[in-house]
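The block underneath contains the structure these notes are about, expressed in structure tokens.
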Amino acid sequence: MFQLCFGPPTPLGFNRSMLSRATRKGAMQRRSRYRNNRHVSMGAEKWLDIELWNSTLECFNFLRSRGYRIATTHVGMDAVSIYEMDWSCPTAIVVGNENRGISEEALELSDLHCSIPMKGMVDSFNVSVAAGILMHHAVCDRTSRLGCHGDLTMEQSQILLAEFSLRHSRSAISIANEYAKRKAGMFTPKL
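Per this note's numbering, the sequence shown starts with residue 82, numbered consecutively.
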């Protein structure tokens with residue numbers, strides 16, 4: 082089961098989060114708990130596309146088909162420091178929750194394991210803090226290597242802005258409908 086963090090992705094310019102549903106007993110309870118806590122992020126979820134997947138394998142296969150490598154956060158010996166990674170290639174970051182971490186399946190299916198170097202007495206951050214650190218570092222690294230961190234065209238950016246603007250305003254759809262009616266009326270031939 083992936084932990085979904087709404088807060089960190091949005092200010093950093095990320096617009097998609099994916100989460101795999103648990104297949105064990107209690108999955109519906111966890112899903113319900115996710116729904117009940119979705120407002121904790123102060124509305125950040127409206128700026129994200131959230132995709133639910135039935136399995137980790139399906140999600141990873143989809144991401145790979147789109148050119149992503151999969152990086153799981155892990156404290157093991159084979160983990161690469163996030164500061165040594167090249168973030169210029171598309172990378173999906175998988176973070177686990179504080180109690181269970183990453184599933185064995187996700188660890189086995191991932192392309193690499195990464196970790197945030199720590200100097201203190203504990204070996205993990207709160208999941209949203211870890212996600213924020215990872216995404217911030219990825220943005221900084223991509224910007225220094227590529228000159229920017231995003232890869233959307235101008236047209237894709239404008240479409241995304243329009244879509245998210247519609248999500249943000251309760252009256253946006255009625256405004257768009259009214260505009261379309263007026264626009265259609267302007268081209269109606271007068272008899």
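Quick reminder that beta carbons are idealized off the backbone N, C-alpha and C, glycines included. Owing to the predicted nature of the structure, the values given are computational and were not obtained by experimental measurement.
- Across the set ILE174, HIS249, LEU241, the C-alpha of ILE174 shows the shortest separation from the C-alpha of ALA152.
- Within the same chain, GLY148, TYR149 come within 6 Å of PRO171 by CB-CB distance, once the 5 residues on both sides are set aside.
- For THR154, the closest of VAL220, GLU132, SER209 by C-alpha to C-alpha distance is SER209.
- In the structure shown, ARG150 falls within a strand segment according to DSSP collapsed to helix, strand and coil.
- The beta-carbon separation of SER169 and ARG226, rounded to 4 Å, stays under the 8 Å limit for a contact.
- Note on the stretch 215-263: whole alpha helix (DSSP H) runs with a minimum of 4 residues are 235-249, in chain order.
- In the structure shown, the three-state DSSP call for ALA211 is helix.
- In this model, ASN207 and ILE256 are separated by some 41 Å (Cα to Cα).
- Here ASN178 carries a strand assignment [DSSP, helix/strand/coil].
- Rounded to whole angstroms, the gap between the alpha carbons of HIS217 and ASN178 is 19 Å.
- Boundaries of the alpha helix (DSSP H) harbouring ALA187: 185-190, taken from the DSSP string.
- Judged by DSSP secondary structure, HIS194 falls within the beta strand (DSSP E) whose first and last residues are 193-196.
- Around the beta-carbon of ILE183, 16 or more other beta-carbon atoms lie within 10 Å, marking it buried.
- With a threshold of 16 other beta carbon atoms within 10 Å, LEU233 falls short and is exposed.
- GLU139 sits in a helix when the DSSP states are folded into three classes.
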